[in-house]
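Colleague:
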Amino acid sequence: MISASTDLRRRQDNKIAWFFCLPALIGLTFFIFFPFILAVFLSFTNLRLGSPLPLEFMGLSQYSRIFTDTAFLHALKNNTVFALIVVPLQTCLALLLALLINQPLRGMFIFRTLFFMPVIFPLSLVAVVWILIFAPGPQGTLNSLLELITLGSWEPRDFLHDPHLALPAITITSIWQGVGFQMVILLAALQSLPTELYEAAKVDGACRSQQFFHITLPLLKNPLIFVILVTTILAFRLFDQVQIMTRGGPNYATTTVMYEAVSAAFGSQQVARGAAMTVVFFIIVLALTLLQRYIVRQEGASS
Amino acid sequence: MQKTLRTFITIFFLFFLLPSFTGCKGQQDVKNDSLGGKIQLEVWAHAGQEKERKVLEQQVARYNQKSSTAELHLTFIPERNYNSQVQAAAIAGDLPDILEFDGPYLYNYIWQNHLLPLEGLLSQSLIADLLPSIIDQGTHGSHLYSVGSFDSGLGLYARKDMLSAINVRVPQSVSDAWSADEFKDILRKLAEEDEDGAVLDLKLNYGGEWFTYGFSPILQSTGADLIDREDYQHSTGILNSPEAVAALQNLQSWFQAGFIDPNLDDAAFTTGRVALSWVGHWEYSRYKKACPDNLILLPLPDFGEGSRTGQGSWNWGITRNCKYPDKASSFLTFLLSTPEVLAICKANSSVPGTKNAVAQSELFNENGPLRLFAAQLLGGVSIPRPKTPAYPVITTEFQKAFQQIRNNGDVQEALDKAASNIDQDIRDNHGYPFRNFQ
Amino acid sequence: MSVYLALGCLTLIFLVPVGMMISGSFKPDSLVLQEAGQLTSFFPDEIVLTNYQDVFARVDFAQYIFNSIYITGTIVLFGLFANSLAGYALSRLHWHGRKLILAGVIALIIIPLEAIAVPLFYEVTLFGWRNTYLVQIVPFIANAFSIYLFYTFFLGLPRELEEAARIDGAKPLRIFTCIVVPNAKPVFAAVAILTFLTQWGSFLWPLMVTHSENVRPLPLGIALFYTLPPLQWGDIFAFGVMMVLPVLVVFLVFQRWFVQGVASTGMKG
């Protein structure tokens with residue numbers, strides 16, 4: 000008797016579900032899925048933007064070329080290093096800020112807004128301001144600040160053109176822009192934690208750090224994972240800052256996969272090569288995402 | 000409550016839906032529309048410095064007033080990524096009637112069959128009056144595809160007093176330009192007198208195309224080049240030849256010795272931090288204002304085969320989309336008339352594109368302060384950037400190599416890589432064969 | 000008290016770039032770079048309004064801002080509609096292919112615009128949509144990440160009300176609009192703001208597909224100021240300040256809901 004009605008409901012649900020999904024699915028299929036398939040297809044050809052020559056198949060040549068290209072290999076390395084640094088650093092900073100703001104004091108929401116402000120600025124604008132901050136010579140903001148702090152013993156550096164300092168500079172810019180977003184998520188999660196647990200812990204004599212490690216962190220697991228996953232994906236998409244601040248230099252110290260792909264497609268007009276790079280990018284990020292989810296599930300199973 | 004919500008939402012949707020579908024399209028390419036009897040022509044130009052833009056706007060306005068049959072509509076496109084935007088429009092068949100473009104990209108457009116030949120549309124006397132450099136840049140095969148109302152000049156601005164202080168000879172013309180060794184010695188002497196040792200401004204704060212424009216003449220001055228100009232099929236052996244490597248290693252040594260000012264505030268020369276500035280005509284008015292009695296213009300150093308310099312600037316062409324090429328060409332004729340040429344050159348200090356205008360120009364006639372620029376363009380000292388559809392790849396690769404060289408990378412390696420990438424692109428495109436079309 | 004101090008200091012350091020931008024917009028161009036390393040960077044000696052005047056004189060700012068608001072607003076509105084329905088279907092209804100579509104949606108989150116820009120460009124050129132509002136709106140209505148946010152949020156809503164309505168014989172669409180939506184304000188706010196933020200600064204796509212001023216959005220307007228150096232920093236910052244203000248206003252107004260929404264989606268992980 001119940002199964003008959005659930006069966007009917009299933010069939011009704013089927014039709015309705017497709018109806019509900021239709022607008023979004025049409026959009027996703029036509030404007031993301033199809034173009035991506037086309038990009039995959041193009042990565043096996045020699046397409047050049049606006050070329051009057053007929054299209055030719057090149058098999059896997061584009062792929063073998065990009066994997067033997069020092070620029071692209073540097074890009075892969077930079078993206079990995081960048082992700083490995085930004086994800087933990089930005090997450091810890093966001094957690095710290097969230098903990099600080101999560102006090103039952105007045106006016107905390109003002110701080111929340113202020114720290115979120117950089118997220119609102121378009122990345123291109125953020126990059127432009129930071130160029131001024133990293134300006135070489137004693138006029139640059141960071142240079143003069145460091146000179147002040149070290150009481151004059153700091154040599155002004157050209158951050159954006161120094162092979163060792165360029166990537167850190169971009170990292171700082173990205174963290175500045177992104178930390179507010181993570182902070183808001185973690186803060187909201189913190190604010191919904193039940194206070195009784197903390198009361199009980201205090202009664203048991205637990206100190207602040209014990210409370211943090213044994214109560215807060217475990218309860219924050221889900222939001223933290225979410226935040227880490229999203230930040231990792233965004234870290235691999237790094238593009239705007241590189242284009243505006245360093246153009247991939249110096250000596251490929253800051254080039255990224257997306258930057259190489261866009262340069263190839265729009266700068267050198269080699270569309271097929273750019274397409275191959277984006278396919279590689281997709282595969283890498285997909286693998287990382289699946290890996291992260293797998294690890295999380297393993298830990299969830301064991302704990 | 001639900002009903003009002005629903006009606007509210009419906010109204011909202013309609014409000015947003017309507018403009019999307021009812022002709023709020025962008026300026027539809029009004030190629031064939033006639034508004035009040037006048038033929039409408041679409042013109043695209045780059046959004047340059049303010050003075051330059053204003054003059055062009057005024058020129059279009061003047062022309063529209065004069066002409067009883069045609070009306071021009073001018074659109075400014077951001078200068079950064081100009082070529083990409085034009086390419087995107089070209090693929091979609093959206094090009095305007097009259098298109099401005101940076102000289103070296105001409106061959107790309109010809110190869111893609113976007114431009115009409117101009118020799119039938121412009122008068123012979125006008126063509127004869129053009130600077131030889133402009134004709135060189137704009138010609139492919141037996142056709143002239145583009146003309147320019149101005150051309151560019153590239154040289155070395157100097158502060159006379161700083162040079163006198165170290166007692167060096169001042170070249171009077173291209174033929175007695177400093178040699179590369181002499182130049183390095185001068186840099187050294189200047190650095191000794193200088194506070195921070197940085198005495199030369201290479202406009203490192205510029206992006207992109209500047210590096211190819213400003214520094215590939217070094218290659219030509221040493222007997223090398225960006226590509227083999229016989230058949231434009233390969234760069235290996237030319238771009239990474241021993242002469243090229245030696246010359247760019249020399250350049251690299253200037254960086255290593257600290258002679259080069261990073262120039263982020265673009266004021267190294269104007270504030271007197273440096274004595275020399277390697278740049279083009281467009282800085283003249285700013286520099287003149289900064290040191291009115293002290294400014295001299297010198298040829299680029301000679302790296303072995305004579306001082307060479309760059310040329311080429313924004314050119315005009317008529318696209319195949321244009322239904323009224325004769326009307327379009329009458330606008331070009333207007334732009335190339337002496338008073339109009341002088342007007343735009345006054346705004347951006349560029350070299351006038353016609354010999355007539357050069358003779359009448361205060362800056363560029365034989366007694367003018369910038370006569371060197373004119374002389375270089377008239378005398379074949381200037382070399383156009385490679386006339387091939389492979390140009391976008393060539394310039395990208397050279398820029399990358401330059402960045403590595405300036406950051407102390409290995410010169411041979413950088414040039415080898417650039418040359419092989421260029422060669423590969425040319426191979427991929429079957430040598431960029433031109434079909435035979437009118 | 001010490002918390003206020005710590006936070007105050009952090010905030011000051013944190014907002015240095017913002018301060019530079021605002022004060023830079025009131026300085027003459029030449030001073031912006033020169034004074035970058037000094038305290039006067041934040042407190043200009045003389046306040047000039049020429050930069051703001053320049054922006055209006057040089058560019059049809061009203062047109063650009065209208066375009067941006069119209070394009071972004073439409074994407075957000077239509078997007079809320081399409082993506083919430085999809086998210087609901089994926090989370091609540093039982094149907095064949097649900098798992099497959101869900102997996103597909105999650106995979107699509109990874110693909111950034113830059114990766115598909117060129118093929119998408121060829122596609123819209125084929126449709127003849129170049130240089131319109133349409134081409135800047137339609138491809139961005141459906142968004143995998145938004146669907147995912149809706150999906151996780153709806154999963155977390157208690158089912159009782161919906162179940163009760165179902166037993167009473169209500170159609171799913173009715174249940175959605177009358178029961179679910181009113182209880183989902185936070186996630187709607189969150190998705191609206193996130194979409195608004197991403198689309199407001201969109202540059203690459205409009206650059207490729209439009210050329211006329213009357214359909215181009217704000218970021219392309221600011222691009223007109225990027226000529227040959229010397230760059231007019233003051234003008235650029237003035238433009239930047241004006242570009243960010245509307246977004247700031249939107250955020251301040253919807254802040255509370257936004258934070259709730261973002262938090263409730265994040266927590267499901």
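Residue numbers (numbering that gives the first Met the number 0), protein chains in the order written: chain B, 0 to 302; chain V, 0 to 437; chain F, 0 to 268.
No residue lacks a Cβ here, since even glycine has one placed at the ideal position from N, Cα and C.
(1) With a cut-off of 7 Å, does the C-beta of B:Ile294 fall near any C-beta of chain F?
(2) From the DSSP output, read off the bridge partner residues of V:Thr308.
(3) Taking the runs of the alpha helix (DSSP H) that are 4 residues or longer, which of them lie wholly in the segment 341-400 of chain V?
(4) Helix, strand or coil for V:Gln39 per DSSP?
(5) Where does V:Trp313 sit, in a helix, a strand or coil, going by DSSP?
(6) Please list, in chain order, the chain V residues whose beta carbon lies closer than 9 Å to that of F:Phe120.
(7) Measure the alpha-carbon distance for F:Leu30 versus F:Ile21 and round it to whole angstroms.
(8) Mind listing the chain F neighbours of B:Asn13? Cutoff is C-beta to C-beta under 7 Å, in chain order.
(9) Given this structure, state the Cα-to-Cα distance separating F:Arg107 from F:Thr71, to the nearest angstrom.
(10) What residues from chain V crowd round B:Pro51, counting only those whose CB sits closer than 9 Å?
(11) Taking beta-carbon pairs under 8 Å, can you tell me which members of the segment 40-65 of chain F lie near chain V?
(12) Is it a yes or a no for the segment 29-46 of chain B touching the segment 276-285 of chain B, going by three-plus beta-carbon pairs under 8 Å?
(13) May I have a chain-ordered list of the beta strand (DSSP E) segments no shorter than 3 residues that lie completely inside the segment 11-96 of chain F?
(14) Check the Cβ of V:Asn80 against every Cβ in chain F and list those closer than 7 Å, keeping chain order.
(15) Kindly indicate which three-state DSSP category B:Phe35 falls into: helix, strand or coil?
(16) Need the endpoints of the alpha helix (DSSP H) that V:Leu203 sits in, please.
(17) Rank B:Ile148, B:Val128, B:Ala93 by C-alpha distance to the C-alpha of B:Leu189 and give the top, closest one.
(18) Report yes or no: is there a C-beta of chain F within less than 7 Å of the C-beta of V:Gly47?
(19) Out of V:Cys321, V:Pro298, V:Asn80, V:Pro383, which has the shortest C-alpha to C-alpha gap to V:Asp175?
(20) Distance cutoff 7 Å, beta carbons only. Does F:Thr226 sit that close to anything in chain V?
(21) So, does the CB of F:Leu156 fall closer than 7 Å to a CB anywhere in chain V?
(22) Out of curiosity, what's the CA-to-CA distance linking V:Arg426 and B:Gln269?
(23) Which term fits F:Met0, buried or exposed, when burial requires 16 or more other beta carbons within 10 angstroms of its beta carbon?
(24) Determine whether the beta carbon atoms of B:Leu285 and F:Ile100 lie at a separation below 7 Å.
(25) Could one say the Cβ of B:Ile283 lies closer than 7 Å to chain F's Cβ atoms, at least one of them?
(26) Could you work out which residue in V:Asp96, V:Thr337, V:Gln255, V:Thr211 is closest to V:Ala44 when comparing CA atoms only?
(27) Using a cut-off of 7 Å between C-beta atoms, extract the partners of F:Ala81 located in chain B.
(28) Are the beta-carbon atoms belonging to F:Pro185 and F:Gln259 less than 7 Å from one another?
(29) What residues in its chain sit with their C-beta under 6 Å from that of V:Trp277, if we drop five residues either side in the sequence?
(30) In this structure, does DSSP put V:Val173 in helix, strand or coil?
(31) Between which two residues does the beta strand (DSSP E) holding V:Val278 run?
(32) Quick one: is V:Gly379 buried, meaning 16 or more other Cβ sit within 10 Å of its Cβ, or exposed?
(33) For B:Leu237, which of B:Lys201, B:His213, B:Val202, B:Leu166 has the nearest alpha-carbon?
(34) Quick check: V:Ala243 and V:Ala223, are their CB atoms within less than 7 Å of each other?
(35) So, is V:Arg168 buried or exposed, given that buried needs 16 or more other C-beta atoms within 10 angstroms?
(36) Give every residue of the same chain whose Cβ lies closer than 8 Å to the Cβ of F:Ile174, excluding the five residues on either side of it in the sequence, and list them in chain order.
Modeller: Taking the structure as given:
(1) Contacts with chain F at 7 Å (Cβ-Cβ) do not include B:Ile294.
(2) Per DSSP, V:Ser381.
(3) DSSP runs (the alpha helix (DSSP H)) wholly in the segment 341-400 of chain V: 354-359, 370-377.
(4) V:Gln39: strand per DSSP, three-state reduction.
(5) V:Trp313: strand per DSSP, three-state reduction.
(6) What F:Phe120 touches in chain V, judged by beta-carbon distance under 9 Å, is Ala87, Ile90, Ala91, going in chain order.
(7) Rounded to the nearest whole angstrom, the C-alpha separation of F:Leu30 and F:Ile21 is 14 Å.
(8) Neighbours of B:Asn13 on chain F, chain order: Trp94, His95.
(9) Note that residue 107 of chain F corresponds to Leu in the displayed sequence, not to Arg. If I take the Cα positions, the gap works out to 21 Å.
(10) Within chain V, the residues near B:Pro51 are Trp110, Gln111, Asn112, Arg434.
(11) Only Arg57 from the segment 40-65 of chain F bring a Cβ to less than 8 Å from some Cβ of chain V.
(12) Yes: the two stretches touch, three or more of their Cβ pairs being nearer than 8 Å.
(13) Listed in chain order, the beta strand (DSSP E) runs fully inside the segment 11-96 of chain F amount to none, counting runs of at least 3 residues.
(14) Chain F residues near V:Asn80: Leu206.
(15) Looking at B:Phe35 - three-state DSSP - the assignment turns out to be helix.
(16) No alpha helix (DSSP H) holds V:Leu203; DSSP gives it neither H nor E.
(17) In terms of Cα proximity to B:Leu189, the closest of B:Ile148, B:Val128, B:Ala93 is B:Ala93.
(18) Yes, V:Gly47 counts as interfacial toward chain F.
(19) Minimum Cα distance to V:Asp175 is reached at V:Pro298.
(20) Chain V contact via Cβ: present.
(21) Cβ-Cβ to chain V under 7 Å: no for F:Leu156.
(22) The straight-line gap separating the alpha-carbon atoms of V:Arg426 and B:Gln269 is approximately 13 Å.
(23) Counting other Cβ atoms within 10 Å of its Cβ, F:Met0 stays below 16 and is therefore classed as exposed.
(24) No, they are not a contact pair.
(25) For B:Ile283, the answer is no, since every Cβ of chain F falls outside 7 Å of its Cβ.
(26) Ranking V:Asp96, V:Thr337, V:Gln255, V:Thr211 by Cα distance to V:Ala44 puts V:Asp96 first.
(27) Simply Pro22, Ala23, Gly26.
(28) For F:Pro185 and F:Gln259, yes; Cβs fall inside 7 Å.
(29) Beyond the five residues adjoining it in sequence on each side, V:Trp277 comes within less than 6 Å, by CB distance, of Leu155, Leu201 in the same chain, given in chain order.
(30) V:Val173 falls in the helix class under three-state DSSP.
(31) Unbroken beta strand (DSSP E) run through V:Val278: 275-279.
(32) V:Gly379 should be labelled exposed.
(33) With distances taken between CA atoms, B:Leu237 lies nearest to B:Leu166 out of B:Lys201, B:His213, B:Val202, B:Leu166.
(34) Contact: yes.
(35) So V:Arg168 ends up on the exposed side.
(36) Cβ-Cβ distances below 8 Å link F:Ile174 to Glu161, Ala164, Arg165 in the same chain, with the five nearest sequence neighbours on each side left out; the list follows chain order.
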